[in-house]
Ligand SMILES: C[S@@+](CC[C@H](N)C(=O)[O-])C[C@H]1O[C@@H](n2cnc3c(N)ncnc32)[C@H](O)[C@@H]1O
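Residue numbers (this note's numbering): 804 to 1110.
Here is the structure:
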């Protein structure tokens, strides 16, 4: 059985890649995902608008094809309903039509790895897949990660927007909170940029160990736990929250509460056309806009607590 695996090809809106990939990491024995139409240009990943997500599922427990198909249909139906009820539209999600195939193991994981390379987020920040030997340029901060295991591989625009905000606005010695830390990439970057203390939480229990392992891999200390902003009692100088727009709007009050007076927060995960919902929420909480940074169809806000 270990010689077999399942390959699922799912039609999605490529903008939603990571969100949809998370469904498979959370619910199945998922080894990795790739946007099938991805190509590389100058070491940067460039996705086509084709939008076929390839999902590699292990078959260690010998599930029959029909069992797995049934489970996938159920999980996708429930997830879709949840997204629609939270304000995403059918168009934003894509059709989610899929084909599931049982395949012989042809060392596909090696093939999958070949698709990844160093991601240069800025001139000074590079994310390096942990099987690649990379010699950083002078003054360059590198983060070693295993792509595809939890959200936060450094290739997604929403992650990069937060990384840019950290580079530009976080001060050495700042205490930093990373709400929805996923792989821990932002926490690790904050620590490498000189944060004195970094706390991260996530409401998905499957990412906590991944984030802890990534911190060890990068020789930094961060405090990671299962949780949400409303449970945090400490206040911070800089807060990162890269979570979808409707979640940001729901938890804006909790996010504000963990900011010290004059603290900054990077809000990311926002499709440009959904930005009004987030603006309304931070204005409601009396947070002041410092800068809006855009990348492709995504936007992010850096806001300050001024009350
Ligand atoms: C888009 S990923 C961001 C991961 C990483 N911080 C990055 O920038 O790449 C969002 C993460 O937030 C988590 N999340 C979603 N809603 C949350 C909430 N209300 N509180 C805490 N974490 C949440 C998800 O489980 C996911 O790991």
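Positions of the beta carbon are idealized from the N, C-alpha and C atoms, including for glycine.
Sorted by chain position, which residues of the same chain lie with C-beta nearer than 7 angstroms to residue i's C-beta, five sequence neighbours on each side aside?
i            : result
residue 1049 : 889, 890, 1080
residue 1056 : 1088
residue 1100 : 818, 1074, 1075
residue 844  : Here the model assigns residue 844 a pLDDT of 40, short of 50, so the residue's position is not dependable and the matter cannot be decided.
residue 1097 : 1075
residue 1059 : 1088, 1090, 1108
residue 1104 : 1070, 1081, 1085, 1092, 1095
Based on the DSSP output, what are the partners of residue i in its beta bridges?
i            : result
residue 1069 : 1043, 1105
residue 762  : The requested residue 762 is not part of the displayed model; the chain covers only 804 to 1110.
residue 1165 : With the chain running from 804 to 1110 in the structure shown, residue 1165 is simply not present.
residue 1097 : 1102
residue 1092 : 1106
residue 1111 : Outside the modelled stretch of the chain, which goes from 804 to 1110, sits residue 1111, for which no answer is possible.
residue 1027 : 1003
residue 892  : Answer is none; residue 892 lacks a bridge partner.
residue 925  : 928
residue 902  : 812
residue 838  : 856
residue 946  : 930
residue 879  : According to DSSP, residue 879 bridges with nothing at all.
residue 907  : 807
residue 1074 : 1101
Within 10 angstroms of the Cβ of residue i, are there 16 or more other Cβ atoms? Answer buried if so, exposed if not.
i            : result
residue 875  : buried
residue 873  : exposed
residue 897  : buried
residue 1119 : Here the chain has residues from 804 to 1110 only, and residue 1119 is not among them.
residue 1002 : buried
residue 870  : exposed
residue 925  : exposed
residue 820  : buried
residue 894  : exposed
residue 999  : exposed
residue 1064 : exposed
residue 991  : buried
residue 975  : exposed
residue 868  : exposed
residue 1045 : buried
residue 892  : exposed
residue 1005 : buried
residue 1109 : exposed
residue 877  : exposed
residue 768  : Here the chain covers residues 804 to 1110 and nothing more, so residue 768 does not appear.
residue 825  : buried
Taking 6 angstroms as the limit between beta carbons, can you name the residues of its chain near residue i, skipping five residues before and five after?
i            : result
residue 1041 : 973, 977, 979, 1067
residue 1054 : 1032
residue 834  : 859, 861
residue 822  : none
residue 1023 : 991, 994
residue 831  : 860
residue 1043 : 965, 981, 989, 1069
residue 1028 : 1004
residue 887  : none
Looking only at its chain, what residues have a beta carbon closer than 8 angstroms to the beta carbon of residue i, apart from the 5 residues adjacent to it on each side?
i            : result
residue 1106 : 1067, 1068, 1070, 1085, 1090, 1091, 1092, 1093
residue 846  : Unreliable positioning characterises residue 846 in this predicted model, as indicated by a pLDDT of 37, which lies under 50. The coordinate reading is nonetheless provided below. Closer than 8 angstroms at the Cβ level, and outside the excluded window around residue 846, lie 920, 921, 922, 923.
residue 929  : 921, 922, 923, 937, 939, 943, 944, 945, 946
What I want to know is whether the C-beta of residue i ends up closer than 7 angstroms to one or more non-hydrogen atoms of ligand 2.
i           : result
residue 821 : Ligands displayed in this structure: ligand 1; ligand 2 is not among them.
Three CB pairs or more closer than 8 angstroms across the segment 1020-1037 and the segment 965-973: no
Any contact of the segment 1002-1011 with the segment 938-947, i.e. 3+ C-beta pairs under 8 angstroms? no
Under 8 angstroms: do the segment 809-827 and the segment 893-908 share three or more Cβ pairs, one atom per stretch? yes
Pair every Cβ in the segment 1013-1024 with every Cβ in the segment 958-965, then say whether three or more of these pairs are closer than 8 angstroms. Cβ pair count under 8 angstroms is below three, so no.
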